Structures are given as C-alpha cells and as structure tokens.
Amino acid sequence: MKRFIKKTLLGLFGGALIVGSLGACSHRGPGGWNESSPESRARIVEKIGSRLDLDAAQKQKLSVLADKLQAQRAALRGATDPRAAMMGLFAGSKLDQAGAKKLIDEKTTAIQAGSPEVIAAAADFFDNLRPEQQQKVREFMERGRRWGRHG
1 MKRFIKKTLL
11 GLFGGALIVG
21 SLGACSHRGP
31 GGWNESSPES
41 RARIVEKIGS
51 RLDLDAAQKQ
61 KLSVLADKLQ
71 AQRAALRGAT
81 DPRAAMMGLF
91 AGSKLDQAGA
101 KKLIDEKTTA
111 IQAGSPEVIA
121 AAADFFDNLR
131 PEQQQKVREF
141 MERGRRWGRH
151 G
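Numbers 1 to 151, taken from our numbering, label the letters of the sequence shown in order.
Structure follows, in structure tokens:
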C-alpha cells in the first residue's frame, strides 16, 4: 500500500508539474508576447538572430526550431484547457486516478511523438553555429533567462 501511495503522489506531482509548465508557457502578462502568433515568433527570431549575429541560413534554421517548439507546445497543451483538466481530477469526493493516469499518458505520448523533430531542429540549428555563437548560447543558458523576454 505504501508503494502505491508513493506512485500516486509522484504521478500527481508530475501531472501538476506538466500542467503548471503549460500554464506558464501559455501565460501572457503585461508587455508579454504571444508566442503562438507568427509575428511574435518572427520578432523573437530576429532578436535572437541579432544577439547571436546569425546569417540568413542560421536564422532560417532558428525559425524552423521555433516552429517545431510551437508545434510541440500546442501538442502538449492539447485540445482542452490543462488547468481545467487538472481541476477536474479533484472535482469529486475522490481523486480521479484513472483521469490522472490518462492525462499523464496523453502528455507523455505528445512529448515522445514530437521530441525527435524538436531535437533534430535544435541540433541542426546549434551544430551550424560558429564556436563563438555556440558559446553565447551556453552562457545565456547558464544565466537561465529567456531569449525573447529579458534584456
């Protein structure tokens, strides 16, 4: 019984983490950008391109990566509101364990289905950067900031 409780709590935590991540990704605060709009993605690609001093071919690869990431984000989000789906699990007098498992399975399937394309696009972009550009990417990742949001 103890193992079952640990697994259930771990599954719920994982589900909450996924749903919370999706909510954070889809949030648009004051002055924020709508990452689903082509104009916003184009501005972000342009901003990153200028910071990394990308040539036209590299910008095209970055644009492909942005499109793949957006498609993955949309697939992960699904057709329903993730917050409503999570709240629905707690709507009754008992946690909907079957619903929680189904939600986790759907998100896991979406990640597994789209990840190879995202990884390939990321590799194509990163592998075609000059060493100094790759170093800028590493440094930016170490700071933990988003390319399109700050600075």
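All C-beta atoms, glycine included, are put in the ideal place defined by N, C-alpha and C.
Fair warning: this is a prediction, and the values are worked out from it, not measured in the lab.
Which of the three DSSP states is assigned to Arg-158 in this structure?
No information on residue 158 is available, as it lies outside the stretch 1 to 151 that the chain covers here.
Beta-carbon proximity of Phe-125 to Gln-70, cut-off 9 Å:
The count along the sequence shown starts at 1 and reaches residue 125 at position 125. The count along the sequence shown starts at 1 and reaches residue 70 at position 70. In this structure, the beta-carbon distance from Phe-125 to Gln-70 does not fall below 9 Å.
Among residues of its own chain, excluding the 5 on either side of Gly-32, which ones have a beta-carbon nearer than 7 Å to its beta-carbon?
Counting from one through the sequence shown, the residue named residue 32 turns up at place 32. For Gly-32, the predicted structure reports a pLDDT of 44, less than 50, and the residue's modelled location is therefore unreliable. A value from the coordinates is still provided. If we look at Gly-32 and ignore the five residues flanking it on each side, it has no Cβ neighbours.
Leaving out five residues on either side along the sequence, give the residues of the same chain with a beta carbon under 8 Å from the beta carbon of Lys-136.
Numbered from 1 along the sequence shown, position 136 holds the residue referred to as residue 136. If you ignore the 5 residues before and after Lys-136, its C-beta comes within less than 8 Å of the C-beta of Arg-51 and Leu-52, all in its own chain and listed in chain order.
How long is the line joining the alpha carbons of Ser-37 and Leu-129, rounded to whole angstroms?
Position 37 of the sequence shown, counting from 1, holds the residue named residue 37. Position 129 of the sequence shown, counting from 1, holds the residue named residue 129. The straight-line gap from Cα to Cα measures roughly 26 Å.
Taking just the CA atoms, how far does Ile-104 sit from Pro-30?
Within the sequence shown, numbered from 1, the residue matching residue 30 stands at position 30. Within the sequence shown, numbered from 1, the residue matching residue 104 stands at position 104. The predicted model places Pro-30 with a pLDDT of 43, which falls under 50 and marks its position as unreliable; any figure quoted below should be read in that light. One C-alpha to the other measures close to 31 Å.
Using C-beta distances below 6 Å, list every residue in its chain close to Ala-75, excluding the 5 sequence neighbours before and after it, in chain order.
Here residue 75 refers to the residue found at position 75 of the sequence shown. Hits under 6 Å: Ala-110 and Gly-114.
Decide if Arg-43 is buried, meaning its Cβ has at least 16 other Cβ atoms within 10 Å, or exposed.
To locate residue 43, count along the sequence shown from 1; it is residue 43. The C-beta of Arg-43 has fewer than 16 other C-beta atoms within 10 Å across all chains shown, which makes the residue exposed.
Please work out which residues of its chain come closer than 8 Å, Cβ to Cβ, to Leu-62, disregarding the five sequence neighbours upstream and downstream, and give them in chain order.
Working through the sequence shown from its first residue, we reach residue 62 at position 62. Only Val-45, Ile-48, Gly-49, Leu-54 and Phe-125 meet the Cβ criterion.
When you compare the CB positions of Val-180 and Ala-121, do they come within less than 9 Å of one another, or not?
Nothing can be reported for residue 180: it is not among the residues displayed for the chain, which extend from 1 to 151.
In whole angstroms, give me the CA-to-CA distance for Ala-79 and Gly-144.
Along the sequence shown, one-based indexing puts residue 79 at 79. Along the sequence shown, one-based indexing puts residue 144 at 144. For Ala-79 and Gly-144, the distance between alpha carbons rounds to 30 Å.
Can you check which of these residues, Glu-117, Ser-93 and Ala-98, is closest to Gln-153 by C-alpha distance?
Residue coverage of the chain in this structure runs from 1 to 151, which leaves residue 153 outside it and unanswerable.
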